[in-house]
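This note's numbering puts the first residue of the sequence shown at 5, with every later residue one more than the last. Everything below concerns the one structure shown next.
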Amino acid sequence: MNVMSQQKILVVDDEAQIRELLSVYLQRQGYAVVTAGTSQETMRELKQSPVDLVVLDIGLANEDGLRLLSDIKSAYPNVRVVMLTGMGFVEDLLQEAQQKGADGYVSKVLPLDELLMAIQRVFKPSHAASAV
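In structure tokens form, the structure reads like this:
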């Protein structure tokens with residue numbers, strides 16, 4: 005894989021262990037990573053420095069990941085978002101996430117390679133997206 009300018013990913017999860025795990029894993033894959041644990045931190049981080057992709061937990065503690073998805077997309081329409089779900093694939097949630105602009109979704113119970121593949125799909129040129 006050719007290394008262009010390093011793509012920056014914001015990992016949003018209310019569980020510090022998950023943020024740390026994903027951060028370390030994605031950095032090893034060559035991405036620049038920043039993290040946030042709440043909606044406020046997420047929006048502050050996005051305001052401070054642009055990112056290419058947000059990995060967003062759908063089930064943030066005391067918050068709604070789907071509402072945060074809407075907030076991100078309305079403020080930063082070009083930012084790509086991959087949703088993380090700890091609940092497996094709940095069809096209604098996935099449809100709502102897609103309607104609100106999610107670019108992909110991955111279950112937390114799947115291996116990290118699945119998340120990496122979802123991220124790589126999002127970063128591929130758009131002509132490849134139709135083959136997904």
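We put the CB at the ideal spot given by N, CA and C, even for glycine. As the structure is a computational prediction, the values presented were derived from the model and not from experiment.
In whole angstroms, give me the CA-to-CA distance for residue i and residue j.
| i | j | result |
| --- | --- | --- |
| residue 98 | residue 72 | 15 Å |
| residue 54 | residue 17 | 18 Å |
| residue 103 | residue 65 | 22 Å |
| residue 25 | residue 74 | 26 Å |
| residue 115 | residue 34 | 18 Å |
| residue 76 | residue 29 | 24 Å |
| residue 96 | residue 37 | 30 Å |
| residue 128 | residue 84 | 12 Å |
| residue 27 | residue 101 | 23 Å |
| residue 90 | residue 44 | 21 Å |
| residue 78 | residue 63 | 20 Å |
| residue 131 | residue 52 | Interpretation of residue 131 is limited by its pLDDT of 45, a score under 50 that renders its predicted location unreliable; the figure taken from the coordinates is listed afterwards. Near 31 Å, if we compare the C-alpha coordinates of residue 52 and residue 131. |
| residue 113 | residue 21 | 14 Å |
| residue 80 | residue 124 | 20 Å |
| residue 31 | residue 58 | 14 Å |
Checking the sheet assignment: what are the DSSP bridge partners for residue i?
| i | result |
| --- | --- |
| residue 15 | 39 and 59 |
Does the distance from the C-beta atom of residue i to that of residue j stay below 8 Å?
| i | j | result |
| --- | --- | --- |
| residue 86 | residue 110 | yes |
| residue 122 | residue 108 | yes |
| residue 88 | residue 117 | no |
| residue 46 | residue 14 | yes |
| residue 11 | residue 56 | yes |
Using a Cβ-Cβ cutoff of less than 6 Å, which residues in the same chain neighbour residue i once the five nearest sequence positions on both sides are dropped?
| i | result |
| --- | --- |
| residue 173 | In this structure the chain extends from 5 to 136, so residue 173 is not present and cannot be described. |
| residue 119 | 110 |
| residue 4 | An answer regarding residue 4 cannot be provided, because it is not within the stretch 5 to 136 covered by the chain. |
With hydrogens ignored, establish whether the beta-carbon of residue i is closer than 7 Å to any heavy atom of the ligand NAD.
| i | result |
| --- | --- |
| residue 27 | Absence of the ligand NAD from the depicted structure is noted, as is the absence of any ligand whatsoever, leaving it without description. |
| Which ranges does the beta strand (DSSP E) cover as unbroken runs of at least 3 residues, wholly within the segment 80 to 122, from first to last along the chain? | 84 to 89 and 108 to 111
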